[in-house]
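In what follows, a structure is listed as C-alpha cells, so that the remarks can point back to it.
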Amino acid sequence: MLYLCATPIGNLEDMTFRAIRILREVNLIAAEDTRHTRKLLTHFDIHTPLIRFDENCKAEVAEKILQRLQAGESVAVVSDAGLPAISDPGADLVRLAVDAGITVCPIPGANAALSALICSGLDTSKFLFAGFAPKSNKNRRDFLQRLATVDATIIFYEAPHRLKNFLTELLEVFGDRQAVLARELTKIHEEFLRGTISTLLDTLDEVRGEFVVVVEGQPPQVVAPTETVAQVVERLTAQGLDKKSAMREAARQFNVSRREIYNTLLREEIQ
Ligand code: SAM
Numbered sequence: 017m018l019y020l021c022a023t024p025i026g027n028l029e030d031m032t033f034r035a036i037r038i039l040r041e042v043n044l045i046a047a048e049d050t051r052h053t054r055k056l057l058t059h060f061d062i063h064t065p066l067i068r069f070d071e072n073c074k075a076e077v078a079e080k081i082l083q084r085l086q087a088g089e090s091v092a093v094v095s096d097a098g099l100p101a102i103s104d105p106g107a108d109l110v111r112l113a114v115d116a117g118i119t120v121c122p123i124p125g126a127n128a129a130l131s132a133l134i135c136s137g138l139d140t141s142k143f144l145f146a147g148f149a150p151k152s153n154k155n156r157r158d159f160l161q162r163l164a165t166v167d168a169t170i171i172f173y174e175a176p177h178r179l180k181n182f183l184t185e186l187l188e189v190f191g192d193r194q195a196v197l198a199r200e201l202t203k204i205h206e207e208f209l210r211g212t213i214s215t216l217l218d219t220l221d222e223v224r225g226e227f228v229v230v231v232e233g234q235p236p237q238v239v240a241p242t243e244t245v246a247q248v249v250e251r252l253t254a255q256g257l258d259k260k261s262a263m264r265e266a267a268r269q270f271n272v273s274r275r276e277i278y279n280t281l282l283r284e285e286i287q
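Going by the working numbering, the first residue of the sequence shown is number 17, and it counts up by one from there.
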C-alpha cells in the first residue's frame, strides 16, 4: 500500500490521529526534506525509517520505493507541509504505483489551497487550482491569459518575493477583480486580506510569510451596448477620474484587461 499522507501547514495540532498511526505502521516514509520531517516525527514519537524523495532524486528513489511496495511493504509519502502531490513531489510516484497495480490510499488533512478557498468569501461551488505560475515571463503571461476566461474561482500559490509582481501581472491580464490573500494559514499571524487586486496591491507593503492568492472567476460579461470604450473613458474622466483610473474602471466595466482597453482606444482613435 502507498499512503499519501497530509502533514500540518503551520499548526502541529492539524496532524490527524490517522496520519500518526499510519506513519508509525508503515515500513518506510518518503519525505521531501528528511530533516524537516524528522522534527515532525520526533514531536509525535514516530520512529519509522525515512528516505529522501524530492524533485532532484525522485526518478531514482521512486524505483526503489516501487520495488519495496512490490515486495509487499507499505510506504507513506509526506511533503514538507500539507498534501503531497499538490505543488509538491508525489504525483509521479502515484502514477508509477497505479501502473504497477499497487493500492494507493489518501490520508487527508491540511492543505493551503482549500483552507484559503473556504475562508475567502468567494464562490466555492466551482474552483480551479492553478498552483504556481511559471517563472519565465512569456510562459507566465500565456498561463494567466489562458486562465482569464475561466468562470470559476481560481487559486494560486506564490512565493512571497514574487507576490507583488504576480499581482501586478494578474491585474493587467484579469482586470481588477475581487481577490483574497490568505497569509500564514493556521499560524499565529494568519490573516485574510480581501479587496480588488488593485486595492490589495496598494495596501500590501511588506510581503512576509506564506500566501495563497484566491481570485474570482471571470464575472458575467457587463455589456455596454450603447457606449464605446472611448466614450466610457471620456465620461469617467469628465466625472473627475484621471486617465489611468478611468481606463482601470473601463477595464472593470468591460471585464477586460487595461492593456485591452488601451489597444481598443488606439483602434477607435484611428477609425
Ligand atoms: N502541498 C502543500 C499543500 O497541500 O498546501 C503546498 C506546498 S507548495 C510547495 C507551498 C505553497 O503553498 C506556498 O508557496 C504557499 O503559496 C502555500 N502555502 C503553504 N502553506 C501555507 C500557509 N500556512 N499559509 C499560506 N500559504 C501556504
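Just so it is clear, CB atoms sit at the ideal spot from N, CA and C, and this is done for glycine as well.
Legend entry - Closer than 8 Å to chain B by CB, His63: Here chain B cannot be found, since the structure has a single protein chain.
Inset, instruction - Just the C-alpha distance for Asp108 and Ile81, rounded to the nearest angstrom, thanks. - result: Translated into positions along the sequence shown, residue 108 becomes position 92. Translated into positions along the sequence shown, residue 81 becomes position 65. Looking at the two C-alpha atoms, the distance is approximately 12 Å.
Legend entry - Presumed contact (8 Å Cβ cut-off) between Ile123 and Ala35, rounded CB distance: One-based indexing of the sequence shown puts residue 123 at position 107. One-based indexing of the sequence shown puts residue 35 at position 19. About 5 Å; that satisfies the 8 Å criterion.
Inset, instruction - Would you kindly work out how many angstroms separate the C-alpha atoms of Lys74 and Asp61, rounded to a whole number? - result: Taking the first residue of the sequence shown as position 1, residue 74 is located at position 58. Taking the first residue of the sequence shown as position 1, residue 61 is located at position 45. Each residue's Cα considered, the two are about 27 Å apart.
Inset, instruction - Go through its chain and collect everything with a Cβ distance to Ile67's Cβ below 8 Å, but skip five positions before and after it. - result: Your numbering for residue 67 matches position 51 in the sequence shown. Contacts found: Leu44, Ile45, Ala46, Ala47, Thr50, Val77, Lys80, Ile81.
Inset, instruction - Kindly indicate which residue of Val229, Leu57, Leu99, Gln83 has the alpha-carbon position closest to the one of Tyr19. - result: Locating residue 19 in the sequence shown gives position 3, where the first residue counts as 1. The option with the nearest alpha carbon to Tyr19 is Leu99.
Inset, instruction - Determine the burial state of Cys121: buried for a count of at least 16 other Cβ atoms within 10 Å of its Cβ, exposed for fewer. - result: For the purposes of this step, residue 121 is taken as residue 105 along the sequence shown, with counting starting at 1. Cys121 comes out exposed.
Inset, instruction - Tell me whether Ala116 is buried or exposed, calling it buried when 16 or more other Cβ atoms sit within 10 Å of its Cβ. - result: Here residue 116 is taken as the residue at index 100 of the sequence shown, counted from 1. That one is exposed.
Inset, instruction - Return the residue from the list Phe69, Thr53, Asp70, Thr244 that minimises the CA-CA distance to His63. - result: On the sequence shown, residue 63 is found 47 positions in, with the first residue counted as 1. When each option's Cα is compared against that of His63, the closest is Thr53.
Inset, instruction - Find out if the Cβ-Cβ distance for the pair Leu217, Lys180 is shorter than 8 Å. - result: For the purposes of this step, residue 217 is identified with residue 201 of the sequence shown, where counting begins at 1. For the purposes of this step, residue 180 is identified with residue 164 of the sequence shown, where counting begins at 1. In this structure, Lys180 lies closer than 8 Å to Leu217 by Cβ.
Inset, instruction - State yes or no: is the C-beta of Gly191 within less than 8 Å of the C-beta of Arg268? - result: Locating residue 191 in the sequence shown gives position 175, counting from the first residue. Locating residue 268 in the sequence shown gives position 252, counting from the first residue. For Gly191 and Arg268, yes; Cβs fall inside 8 Å.
Legend entry - Ile170, DSSP secondary structure in three states: As a first step, residue 170 is located in the sequence shown; it is residue number 154 there, counting from the start. Strand, per DSSP.
Legend entry - Any non-hydrogen atom of ligand 1 within 7 Å of Glu226 CB: Along the sequence shown, read from residue 1 onward, the residue named residue 226 stands at position 210. Yes.
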